[in-house]
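The structure appears right after this line, and notes come after that.
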Amino acid sequence: MKALYSTQATASAGRNGNVATDDGKLSLALSYPKEMGGSGEATNPEQLFAAGYSACFSNALLHVAREGKLALTQAPVTATVGIGVREEGGFGLSVALTVELELPQEQAVALVRKAHLVCPYSNAVRNNIDVALTVNGESI
382 MKALYSTQAT
392 ASAGRNGNVA
402 TDDGKLSLAL
412 SYPKEMGGSG
422 EATNPEQLFA
432 AGYSACFSNA
442 LLHVAREGKL
452 ALTQAPVTAT
462 VGIGVREEGG
472 FGLSVALTVE
482 LELPQEQAVA
492 LVRKAHLVCP
502 YSNAVRNNID
512 VALTVNGESI
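In our numbering, the protein residues as written are 382 to 521.
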(Lines of atoms letter the chains of each structure in order from A and count residues from 1; the text may use other names and numbers.)
(Lines give C-alpha, C1' and ligand atoms only; values in the text may rest on other atoms or scores of the structure.)
Protein backbone atom coordinates (compact mmCIF):
# COMPACT_ATOMS: atom_id res chain seq x y z
CA MET A 1 0.00 0.00 0.00
CA LYS A 2 1.24 3.46 -0.83
CA ALA A 3 0.44 5.76 2.09
CA LEU A 4 -1.45 8.92 1.13
CA TYR A 5 -0.72 10.41 4.55
CA SER A 6 1.32 9.47 7.61
CA THR A 7 1.49 10.93 11.09
CA GLN A 8 3.21 10.22 14.39
CA ALA A 9 2.16 10.36 18.01
CA THR A 10 4.29 9.60 21.04
CA ALA A 11 3.02 8.48 24.43
CA SER A 12 5.31 9.34 27.34
CA ALA A 13 4.17 7.09 30.19
CA GLY A 14 1.34 4.84 29.09
CA ARG A 15 -2.13 5.47 30.44
CA ASN A 16 -0.98 7.96 33.09
CA GLY A 17 1.20 10.16 30.93
CA ASN A 18 0.80 12.36 27.90
CA VAL A 19 0.35 11.71 24.21
CA ALA A 20 1.30 14.21 21.53
CA THR A 21 1.59 14.34 17.76
CA ASP A 22 4.85 15.27 16.10
CA ASP A 23 3.33 18.45 14.63
CA GLY A 24 2.09 19.66 18.04
CA LYS A 25 -1.56 19.88 16.96
CA LEU A 26 -2.58 17.32 19.56
CA SER A 27 -1.21 17.06 23.09
CA LEU A 28 -3.30 15.38 25.73
CA ALA A 29 -2.92 14.18 29.28
CA LEU A 30 -3.92 10.55 29.79
CA SER A 31 -5.31 8.75 32.82
CA TYR A 32 -6.94 5.44 33.61
CA PRO A 33 -10.74 5.68 33.69
CA LYS A 34 -12.33 5.43 37.14
CA GLU A 35 -13.82 2.06 36.10
CA MET A 36 -10.27 0.71 35.84
CA GLY A 37 -9.08 2.18 39.14
CA GLY A 38 -7.80 5.49 37.80
CA SER A 39 -8.63 9.09 38.45
CA GLY A 40 -10.62 9.53 35.24
CA GLU A 41 -9.39 13.12 35.11
CA ALA A 42 -7.99 12.92 31.58
CA THR A 43 -8.80 11.16 28.34
CA ASN A 44 -7.80 7.57 27.64
CA PRO A 45 -6.84 5.48 24.60
CA GLU A 46 -10.34 4.01 24.24
CA GLN A 47 -11.86 7.49 23.97
CA LEU A 48 -9.28 8.44 21.36
CA PHE A 49 -9.99 5.25 19.40
CA ALA A 50 -13.75 5.89 19.57
CA ALA A 51 -13.25 9.46 18.32
CA GLY A 52 -11.04 8.34 15.44
CA TYR A 53 -13.24 5.42 14.41
CA SER A 54 -16.47 7.46 14.51
CA ALA A 55 -14.95 10.25 12.40
CA CYS A 56 -13.42 7.82 9.92
CA PHE A 57 -16.60 5.75 9.55
CA SER A 58 -18.71 8.88 9.10
CA ASN A 59 -16.39 9.96 6.31
CA ALA A 60 -16.53 6.48 4.73
CA LEU A 61 -20.34 6.80 4.66
CA LEU A 62 -20.12 10.20 2.98
CA HIS A 63 -17.55 8.87 0.49
CA VAL A 64 -19.68 5.86 -0.45
CA ALA A 65 -22.78 8.07 -0.71
CA ARG A 66 -20.94 10.50 -3.00
CA GLU A 67 -19.78 7.62 -5.23
CA GLY A 68 -23.39 6.41 -5.39
CA LYS A 69 -24.65 9.90 -6.28
CA LEU A 70 -26.59 10.19 -3.00
CA ALA A 71 -27.09 13.71 -1.68
CA LEU A 72 -25.96 13.02 1.89
CA THR A 73 -24.31 15.85 3.84
CA GLN A 74 -24.48 14.42 7.37
CA ALA A 75 -23.60 10.92 8.58
CA PRO A 76 -23.67 10.87 12.39
CA VAL A 77 -21.79 7.91 13.87
CA THR A 78 -21.35 7.10 17.54
CA ALA A 79 -18.57 4.64 18.35
CA THR A 80 -18.71 2.80 21.66
CA VAL A 81 -15.38 1.21 22.55
CA GLY A 82 -14.96 -1.18 25.45
CA ILE A 83 -11.85 -2.78 26.95
CA GLY A 84 -11.75 -6.00 28.90
CA VAL A 85 -9.78 -9.12 29.73
CA ARG A 86 -9.76 -11.77 27.02
CA GLU A 87 -10.35 -15.44 27.87
CA GLU A 88 -7.03 -16.23 26.16
CA GLY A 89 -5.25 -13.70 28.36
CA GLY A 90 -4.30 -10.12 27.77
CA PHE A 91 -6.79 -7.40 26.94
CA GLY A 92 -9.15 -6.89 24.04
CA LEU A 93 -11.49 -4.27 22.64
CA SER A 94 -15.14 -4.29 21.65
CA VAL A 95 -16.67 -1.81 19.24
CA ALA A 96 -20.24 -0.83 18.46
CA LEU A 97 -21.01 1.72 15.74
CA THR A 98 -24.40 3.41 15.85
CA VAL A 99 -25.32 5.22 12.64
CA GLU A 100 -28.24 7.58 12.02
CA LEU A 101 -29.01 8.34 8.37
CA GLU A 102 -31.86 10.28 6.82
CA LEU A 103 -32.43 7.66 4.14
CA PRO A 104 -34.94 4.85 3.60
CA GLN A 105 -33.86 1.99 5.89
CA GLU A 106 -32.94 -0.45 3.11
CA GLN A 107 -30.74 2.19 1.47
CA ALA A 108 -29.19 3.17 4.83
CA VAL A 109 -28.31 -0.46 5.64
CA ALA A 110 -26.73 -0.98 2.22
CA LEU A 111 -24.70 2.22 2.62
CA VAL A 112 -23.43 1.20 6.07
CA ARG A 113 -22.45 -2.28 4.87
CA LYS A 114 -20.50 -0.79 1.96
CA ALA A 115 -18.84 1.83 4.19
CA HIS A 116 -17.78 -0.97 6.56
CA LEU A 117 -15.81 -2.46 3.65
CA VAL A 118 -14.24 0.91 2.73
CA CYS A 119 -13.39 2.42 6.15
CA PRO A 120 -9.70 2.03 7.05
CA TYR A 121 -10.52 1.50 10.74
CA SER A 122 -12.99 -1.27 9.84
CA ASN A 123 -10.40 -2.85 7.58
CA ALA A 124 -7.76 -2.62 10.32
CA VAL A 125 -9.86 -4.39 12.96
CA ARG A 126 -11.64 -6.91 10.73
CA ASN A 127 -11.21 -10.50 11.96
CA ASN A 128 -9.71 -9.19 15.21
CA ILE A 129 -12.44 -7.10 16.87
CA ASP A 130 -16.13 -7.80 16.46
CA VAL A 131 -17.83 -4.60 15.35
CA ALA A 132 -21.56 -4.37 16.04
CA LEU A 133 -23.40 -2.17 13.55
CA THR A 134 -26.71 -0.42 14.22
CA VAL A 135 -28.45 1.71 11.59
CA ASN A 136 -31.41 3.91 12.52
CA GLY A 137 -32.07 1.70 15.55
CA GLU A 138 -31.78 -1.62 13.67
CA SER A 139 -28.89 -4.03 14.34
CA ILE A 140 -27.41 -5.39 11.14
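Idealized CB from N, CA, C, for every residue including glycine.
Ser387 sits in coil when the DSSP states are folded into three classes, being neither helix nor strand. If you ignore the 5 residues before and after Val476, its C-beta comes within less than 6 angstroms of the C-beta of Val462, Ile510, Val512, all in its own chain and listed in chain order. With a minimum length of 4 residues, the unbroken runs of alpha helix (DSSP H) contained wholly in the region 411-479 fall at 426-448. Burial check for Glu448: the Cβ neighbour count within 10 Å stays below 16, so the residue is exposed. Taking the C-beta atoms as reference points, Ala460 is found no nearer than 8 angstroms to Leu442. Ala505 and Tyr386 have their C-alpha atoms some 16 angstroms from each other. Each residue's CA atom was taken as its position, placing Gln428 and Tyr434 some 10 angstroms apart. DSSP places Ala491 in the helix class (H, G or I) of the three-state scheme. Looking at Pro414, Tyr413, Gln389, Ser393, the one whose alpha-carbon comes closest to that of Gly405 is Gln389.
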